[in-house]
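Colleague: Quick one: the structure is below, questions incoming.
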Amino acid sequence: MTSNNRNPINPLALAVSLGLLVGCSQTGPNDSASGTDFVQTKKPVMLQDQPTPPSDQWQLVWADEFDGSEINSRNWSLEENCWGGGNNEQQCYTKRSRNAFVQDGYLHIVAHKESFTGPDDAEGKTGANKTLPFTSARLRSKDKRDHKYGRFEIRAKLPSGQGVWPAIWMLPTDNKYGTWAASGEIDIMEAVNLRAQSDAPGAQAGDGENRIYGSLHYGKAWPDNVYSGQGASLPNNINPADDFHTYAIEWEEGEVRWYVDNIHYATQTQDEWYSQYKVDGALVNAKGAAPFDERFHLLLNLAVGGSWSANANEKGVDKSDFPKTMLIDYVKVYRCSADRWKGKGCATIGEQAVKVKGQQAPAILAQDDRYAEGPNLDIFSDSLNSNLAYGSYDPMDIVSHQEVADGEHGQVLKITKQNGAGNLYFRSPTTDVSHWLESGELIFDIKVESMTDGSELMVKIDSGWPKTSDMTVELPAIGQWGEVRIKLVDLLTQSNRFVAGNQADPTMINNLLVFEPTAAMTFSLDNIRFEKK
316 MTSNNRNPIN PLALAVSLGL LVGCSQTGPN DSASGTDFVQ TKKPVMLQDQ PTPPSDQWQL
376 VWADEFDGSE INSRNWSLEE NCWGGGNNEQ QCYTKRSRNA FVQDGYLHIV AHKESFTGPD
436 DAEGKTGANK TLPFTSARLR SKDKRDHKYG RFEIRAKLPS GQGVWPAIWM LPTDNKYGTW
496 AASGEIDIME AVNLRAQSDA PGAQAGDGEN RIYGSLHYGK AWPDNVYSGQ GASLPNNINP
556 ADDFHTYAIE WEEGEVRWYV DNIHYATQTQ DEWYSQYKVD GALVNAKGAA PFDERFHLLL
616 NLAVGGSWSA NANEKGVDKS DFPKTMLIDY VKVYRCSADR WKGKGCATIG EQAVKVKGQQ
676 APAILAQDDR YAEGPNLDIF SDSLNSNLAY GSYDPMDIVS HQEVADGEHG QVLKITKQNG
736 AGNLYFRSPT TDVSHWLESG ELIFDIKVES MTDGSELMVK IDSGWPKTSD MTVELPAIGQ
796 WGEVRIKLVD LLTQSNRFVA GNQADPTMIN NLLVFEPTAA MTFSLDNIRF EKK
């Protein structure tokens, strides 16, 4: 869940999002901050471990067991908006007891199929309104129950159905490092489309969706944020919608661990996350365990539709079976008595847990406002322009690149991509290329060494997802060098083929070029440049 739009959950990156969680594995031992070796993997964890009771050094500091007759306002506030959660969700969140109430010892969060009109603003500010076809509720503990480090434990029964998206998650209270997601997000549990036809690799007809997910969001402020996470299936393929299960994280300085029913299934450490934010207008690297070193608060919600759930499994929203209810038995927060300031010394470690491979902080580029003035902009010729840096969207570890010697061409850029989602791009300082539109061309030499039948090469230019323009390149014969010329006005006026209505803003380019084969391909590039008359 998120408080803003994010790359993995949209039509392009739906497959990418699932690829992150269910893609090919990469093995190799890695030391955890807890002193245990984990195996890096992107396959979903099929849970088999026996539960491991938490340490008795976890001290309960707050609990809401929903034993009263109404939602405790000292613990929770309810949002009221029709903003869509930043994910194109189809529900309005309301403060009505119809959508959230306490009864029989449980918190009920109920999604109804009904038209509702409310503020089109995340904070519910009055102004422009929006009407959506569903209602639901989102509770948050912000400025009421805020915590830094601890064990956060929620016992819940999840709803099922195509288009249904329950979430238990956390956001920073003070946004020390700036707006989402530079200050982080912790997803304790998310699930979509439970009991709908599974779209997991190898799923058979009639197999019901049963995966849960835990993840972190971090990096820079949107749209330059990143994320990483892990999926899991309960033992014996039990469906989370069948009964109550306990979802938890243990969060200490420099480490987050995920659990379901006291089975530890994933760990991510601070060497696999980062935060970059601006100080006096200049981008800097946050230190230490940032952004996960400040107070966070809890959120409980039930979304309907949205860019993830509506594009996975059977697609869309099954409107035939509403209302949908998410039941919460309790929320408990513990503090580690062994070290209350850093939260260390109480870790619950399971043998099956995997080490989540996150993202490393990219190099901060020096701003040179003149580098793209023209009339020639040399992007790659024997080496990459010093104002640029390599970047790769590679959730499945299938993209590689290297600078290699190639006869008369000297040093060239060789890119290899296997089947799956991924690309290579050239990160740039925020660049205005609008003056290239009148007569500018993108020119490069290319040699394709091998490619899967039907594979194409997309060239893109973007201002941060989904503001991307792309087009397909005509390739030379296999094994031969050929020159490609593309008018920049033709490229920049193309739309994002995956998200209609979006294209790059030529005054705000963040990735100067992106090369993305649609399937397996190995190719070399040289003499990449912009030229204008």
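Positions 316 to 848 (the working numbering) are the ones given, in order, by the sequence shown. Here a beta-carbon is modelled for each residue, glycine too, at the ideal position from N, C-alpha and C.
1) Does residue 346 pass the burial test, meaning 16 or more other C-beta atoms within 10 Å, or should it be called exposed?
2) Answer with buried or exposed for residue 594, where buried requires no fewer than 16 other C-beta atoms within 10 angstroms of its C-beta.
3) Please say whether residue 736 and residue 628 have beta carbons closer to each other than 8 Å?
4) Can you round the beta-carbon distance between residue 826 and residue 740 to whole angstroms, since I take them to be within the 8 Å contact cut?
5) Take residue 552 and list the residues in its own chain whose beta-carbon comes closer than 7 Å to its own, dropping the five residues that flank it on each side.
6) Report all residues from its chain with a CB closer than 7 Å to the CB of residue 372; omit the five preceding and five following residues, and keep chain order.
7) Have a look at 703, 611, 597 and 451 and flag the residue whose alpha-carbon is nearest the alpha-carbon of residue 638.
8) I'd like to confirm the pairing. Which residues does DSSP put opposite residue 541 in its beta bridges?
9) What does the alpha-carbon distance come out to for the pair residue 731 and residue 719?
10) Is residue 477 helix, strand or coil by DSSP?
11) Assign residue 656 to one of two classes, buried (16 or more other C-beta atoms within 10 Å of its C-beta) or exposed (fewer than that).
12) State the beta-bridge partners of residue 361 as determined by DSSP.
13) Identify whether residue 749 lies in helix, strand or coil by the three-state DSSP scheme.
14) What would DSSP say about residue 774, mapped onto helix, strand or coil?
15) From residue 482 to residue 712, what distance separates their C-alpha atoms?
16) Quick check on residue 321: does DSSP put it in helix, strand or coil?
17) Check the C-beta distance from residue 614 over to residue 485 and give it rounded, since I have them as a contact under 8 Å.
18) Confirm, please, whether the CB-CB distance from residue 818 to residue 620 is below 8 Å.
19) Spatial neighbours of residue 378 within its chain, please: C-beta separation below 8 Å, excluding the five flanking residues on both sides.
20) Let me know if residue 584 comes out buried or exposed under the rule of 16 or more other beta-carbons within 10 Å of its beta-carbon.
21) When the Cα atoms are used, what is the spatial distance from residue 356 to residue 669?
22) Do residue 763 and residue 838 have their C-beta atoms within less than 8 Å of each other?
23) Look at residue 470 and residue 559 and say whether their C-beta atoms are less than 8 Å apart.
24) On the three-pair Cβ rule with 8 Å, is the region 486-495 touching the region 564-577?
25) Taking residue 623 as the reference, which of 460, 505 and 803 has the closest Cα?
26) Give the single residue among 717, 694 and 754 whose Cα lies nearest to the Cα of residue 743.
27) Tell me the DSSP bridge mates of residue 718?
28) So residue 854 packs on residue 710, CB below 8 Å; how close in whole Å?
29) Output yes or no for whether 8 Å exceeds the beta carbon distance between residue 478 and residue 633.
30) For residue 706, collect the residues of the same chain with a Cβ closer than 6 Å to its Cβ; drop the 5 residues on either side in sequence, then sort them by chain order.
31) Where does residue 396 fall in DSSP's three states?
32) With 16 other CB atoms within 10 Å as the buried threshold, where does residue 821 fall?
33) Do three or more CB pairs link the region 429-442 to the region 522-542 at distances below 8 Å?
34) Determine which residues share a DSSP beta bridge with residue 377 and list them.
35) State the DSSP-derived secondary structure class of residue 831, mapped to helix, strand or coil.
36) Just the C-alpha distance for residue 777 and residue 811, rounded to the nearest angstrom, thanks.
Modeller: This is what the structure gives:
1) The residue given as residue 346 occupies position 31 in the sequence shown. Below a pLDDT of 50, predicted positions are generally treated as unreliable, and residue 346, at 30, falls in that range; no measurement from the model is reported.
2) For the purposes of this step, residue 594 is taken as residue 279 along the sequence shown, with counting starting at 1. Classification of residue 594: exposed, given that the 10 Å Cβ count is below 16.
3) Locating residue 628 in the sequence shown gives position 313, where the first residue counts as 1. Locating residue 736 in the sequence shown gives position 421, where the first residue counts as 1. No, they are not a contact pair.
4) Position 511 of the sequence shown, counted from the first residue, corresponds to residue 826. Position 425 of the sequence shown, counted from the first residue, corresponds to residue 740. Confirmed, about 4 Å.
5) Stepping through the sequence shown from its first residue, residue 552 is reached at position 237. The residues 525, in chain order, have a CB closer than 7 Å to that of residue 552 in the same chain once the five nearest residues on each side in sequence are set aside.
6) Here residue 372 refers to the residue found at position 57 of the sequence shown. Same-chain partners within the cutoff: 651, 652, 653, 660 and 661.
7) Taking the sequence shown and counting its residues from 1, one reaches residue 638 at position 323. Of 703, 611, 597 and 451, the residue nearest in Cα terms is 451.
8) Residue mapping note: residue 541 aligns to position 226 of the sequence shown, counting from 1. Answer by DSSP bridge pairing, in chain order: 533.
9) As a working note, residue 731 is residue 416 in the sequence shown. As a working note, residue 719 is residue 404 in the sequence shown. Residue 731 and residue 719 have their C-alpha atoms roughly 13 Å apart.
10) On the sequence shown, position 162 is the one that residue 477 refers to. Coil at residue 477, not helix or strand.
11) Taking the first residue of the sequence shown as position 1, residue 656 is located at position 341. Within a 10 Å sphere around the beta-carbon of residue 656 sit fewer than 16 other beta-carbons, which makes this residue exposed.
12) If you number the sequence shown from 1, residue 361 lands on position 46. Its beta-bridge partners are 548.
13) Walking along the sequence shown from the start, residue 749 turns up at place 434. DSSP places residue 749 in helix when its eight states are reduced to three.
14) The count along the sequence shown starts at 1 and reaches residue 774 at position 459. Residue 774 falls in the strand class under three-state DSSP.
15) Here the question's residue 482 lines up with position 167 in the sequence shown. Here the question's residue 712 lines up with position 397 in the sequence shown. About 28 Å.
16) Position 6 of the sequence shown, counted from the first residue, corresponds to residue 321. Residue placement at residue 321 cannot be trusted, given a pLDDT of 37 that sits under 50; the coordinates are not used to answer.
17) Working through the sequence shown from its first residue, we reach residue 614 at position 299. Working through the sequence shown from its first residue, we reach residue 485 at position 170. That belief holds up - the Cβ atoms of residue 614 and residue 485 are roughly 7 Å apart, short of 8 Å.
18) Within the sequence shown, the letter at position 305 stands for residue 620. Within the sequence shown, the letter at position 503 stands for residue 818. It is not a contact, given that the beta carbons lie outside the stated cut-off.
19) Mapped onto the sequence shown, residue 378 falls at position 63. Cβ neighbours of residue 378 within its own chain (closer than 8 Å, five residues either side excluded): 645, 646, 647 and 648.
20) Residue numbering aside, residue 584 sits at position 269 when the sequence shown is read from its first letter. By the 10 Å Cβ count, residue 584 comes out buried.
21) Sequence index remark: in the sequence shown, residue 356 carries index 41 (1-based). Sequence index remark: in the sequence shown, residue 669 carries index 354 (1-based). Confidence at residue 356 is low in this model, with a pLDDT of 40, below 50, so the placement of that residue is unreliable and no value is reported for it.
22) For this step, residue 763 is matched to residue 448 along the sequence shown. For this step, residue 838 is matched to residue 523 along the sequence shown. Yes, the pair counts as a contact, with Cβ atoms nearer than the cut-off.
23) On the sequence shown, residue 470 is found 155 positions in, with the first residue counted as 1. On the sequence shown, residue 559 is found 244 positions in, with the first residue counted as 1. With respect to the 8 Å criterion, residue 470 and residue 559 are classified as neighbours on the basis of their beta carbons.
24) No: fewer than three Cβ pairs fall under 8 Å.
25) Counted from its first residue, the sequence shown places residue 623 at position 308. The candidate whose alpha carbon is nearest that of residue 623 is 505.
26) For the purposes of this step, residue 743 is identified with residue 428 of the sequence shown, where counting begins at 1. Closest option to residue 743, Cα to Cα, is 694.
27) As a working note, residue 718 is residue 403 in the sequence shown. BP columns for residue 718 point to 728.
28) Look at the range of the chain in this structure, 316 to 848, and you will see that residue 854 is not part of it.
29) Numbered from its first residue, the sequence shown carries residue 478 at position 163. Numbered from its first residue, the sequence shown carries residue 633 at position 318. Yes. Within cutoff.
30) For the purposes of this step, residue 706 is taken as residue 391 along the sequence shown, with counting starting at 1. Within the same chain, residue 706 has close Cβ partners 740 and 742.
31) Sequence index remark: in the sequence shown, residue 396 carries index 81 (1-based). Assigned with DSSP and collapsed to three states, residue 396 falls in strand.
32) Locating residue 821 in the sequence shown gives position 506, counting from the first residue. When all chains shown are included, residue 821 counts as buried.
33) These segments do not touch.
34) As a working mapping, residue 377 is identified with position 62 in the sequence shown. Answer by DSSP bridge pairing, in chain order: 648.
35) Stepping through the sequence shown from its first residue, residue 831 is reached at position 516. Strand at residue 831.
36) As a position in the sequence shown, residue 777 is number 462, starting the count at 1. As a position in the sequence shown, residue 811 is number 496, starting the count at 1. Taking the straight line joining both Cα atoms gives about 9 Å.
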